[in-house]
Amino acid sequence: MQRAKRLGSSSLSKRTVQSEQKRRLILKVATEVFAERGFNETTISQISQKAKIAEGSIYHYFENKEDLLFSIPEERMEIFLSGLYENLEGVEGALNKIRKLIWYHLNFYEKNRDYVLILLQNIRLKPRFTSTRAYALIRDFSRLVVQLIEKGKNEGSIRKDVDSKLLRDAILGSIEHVTIRGSILGRLTKLTPAATPIYAFFVSGIQTHAGSVSVPLQQFLEMKNLITERSTQKPRKMEPH
Numbered sequence: 382m383q384r385a386k387r388l389g390s391s392s393l394s395k396r397t398v399q400s401e402q403k404r405r406l407i408l409k410v411a412t413e414v415f416a417e418r419g420f421n422e423t424t425i426s427q428i429s430q431k432a433k434i435a436e437g438s439i440y441h442y443f444e445n446k447e448d449l450l451f452s453i454p455e456e457r458m459e460i461f462l463s464g465l466y467e468n469l470e471g472v473e474g475a476l477n478k479i480r481k482l483i484w485y486h487l488n489f490y491e492k493n494r495d496y497v498l499i500l501l502q503n504i505r506l507k508p509r510f511t512s513t514r515a516y517a518l519i520r521d522f523s524r525l526v527v528q529l530i531e532k533g534k535n536e537g538s539i540r541k542d543v544d545s546k547l548l549r550d551a552i553l554g555s556i557e558h559v560t561i562r563g564s565i566l567g568r569l570t571k572l573t574p575a576a577t578p579i580y581a582f583f584v585s586g587i588q589t590h591a592g593s594v595s596v597p598l599q600q601f602l603e604m605k606n607l608i609t610e611r612s613t614q615k616p617r618k619m620e621p622h
């Protein structure tokens, strides 16, 4: 009897793992197809063909194409936040954590360009996105940035008069600007080199002890270019990875 129960439990666990693996495969392939063709031009049939699974299997996991689209940032944000907390663990001081956060954010986008493309060009444009769990996770990340800035104020490393939410918006906006140039306009092959100039640009204006961060002039000029440069190129579709 006990052996039968163990076998039944093992079989159920195996089916659960296989089901989750299939769900992840669908999300991976959907990300590639959405990035290549665009949301409106993509069909569930095209995704099923590329994933080599029955079209009906997709509807077992997702209600419709939009539900599938919104499930992509939910999965990616869970991975993003898990990795971020792991990277910040053991890092001392708010400024060092902010510096690490900027680098990690750019590195994640650099490694997930198909996702970035559909996030910026498709997902955020959908009115229903703000009511999804993915959006709630993005809000959690946004609050974390504010918390780190407040921590810096309490530590004495960031000036008390700095508007925490405005600074958060400026930092995340700079990251997004670099990402747009790199992932959508195709002007940058790597995003992470922008981490140091972005950090230096902001920390030079918010830290309590001027000159405590030594950054070459060239990096300030790089940041100026990252923020002020405008491109005349039209957004391009990325090749799937």
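Under this note's numbering, the first residue of the sequence shown carries the number 382, and numbering increases by one thereafter.
Backbone N, C-alpha and C fix where the C-beta goes; we use that ideal spot for every residue, glycine too.
CA-to-CA distance, residue j to residue i, given in whole angstroms
i                 : j                 : result
leucine 408       : glycine 533       : 38 Å
histidine 486     : leucine 547       : 18 Å
aspartate 448     : tyrosine 440      : 10 Å
arginine 549      : threonine 560     : 16 Å
lysine 571        : serine 523        : 24 Å
glycine 567       : leucine 501       : 14 Å
serine 394        : isoleucine 434    : 21 Å
asparagine 503    : arginine 509      : 12 Å
arginine 396      : threonine 577     : 46 Å
isoleucine 565    : proline 574       : 17 Å
lysine 541        : asparagine 535    : 8 Å
glutamate 444     : arginine 405      : 16 Å
glycine 537       : threonine 589     : 7 Å
phenylalanine 601 : tyrosine 466      : Caution is warranted here: a pLDDT of 49 is assigned to phenylalanine 601, below 50, making its placement in the model unreliable, and the coordinate value is therefore given only provisionally. Taking the straight line from one Cα to the other gives about 28 Å.
alanine 432       : phenylalanine 582 : 44 Å
leucine 462       : isoleucine 479    : 14 Å
proline 621       : isoleucine 539    : Because the pLDDT of proline 621 is 40, which lies under 50, any placement of that residue in the model is unreliable, and the number read from its coordinates should be weighed accordingly. Approximately 42 Å, taken between the alpha carbons.
threonine 423     : serine 452        : 16 Å
asparagine 369    : tyrosine 580      : Any question about residue 369 goes unanswered here, given that the chain covers just 382 to 622.
leucine 388       : serine 438        : Any answer about leucine 388 is weak, because its pLDDT of 49 lies below 50 and its placement is not dependable; what the coordinates show is given next. Distance between the alpha carbons of leucine 388 and serine 438: 26 Å.
leucine 469       : lysine 492        : 19 Å
leucine 529       : serine 512        : 26 Å
tyrosine 490      : glycine 474       : 24 Å
glutamate 625     : glycine 563       : With the chain covering 382 to 622 only, the question about residue 625 has no answer from this structure.
serine 400        : serine 429        : 15 Å
lysine 481        : valine 398        : 33 Å
arginine 494      : alanine 551       : 22 Å
arginine 505      : leucine 450       : 11 Å
glycine 471       : alanine 411       : 36 Å
Cβ-Cβ distance between residue i and residue j below 8 Å
i              : j                 : result
alanine 515    : glutamate 455     : yes
leucine 476    : valine 584        : yes
isoleucine 499 : phenylalanine 420 : yes
lysine 446     : isoleucine 425    : yes
arginine 457   : tyrosine 496      : yes
valine 527     : serine 545        : yes
valine 414     : glutamine 427     : yes
Endpoints, the alpha helix (DSSP H) within which residue i is located
i             : result
alanine 437   : Looking at the sequence itself, residue 437 is glycine, so the reference to alanine does not match. Per DSSP, glycine 437 belongs to the alpha helix (DSSP H) from 436-442.
aspartate 448 : 446-469
glutamate 491 : 475-492
leucine 548   : 545-560
alanine 575   : Alanine 575 -> no alpha helix (DSSP H), and no H or E assigned at all.
glutamate 425 : Position check: residue 425 holds isoleucine in this sequence, whereas glutamate was assumed. That run of the alpha helix (DSSP H) goes 425-432.
Identity of the residues DSSP links to residue i by a beta bridge
i             : result
glutamine 588 : Ile539
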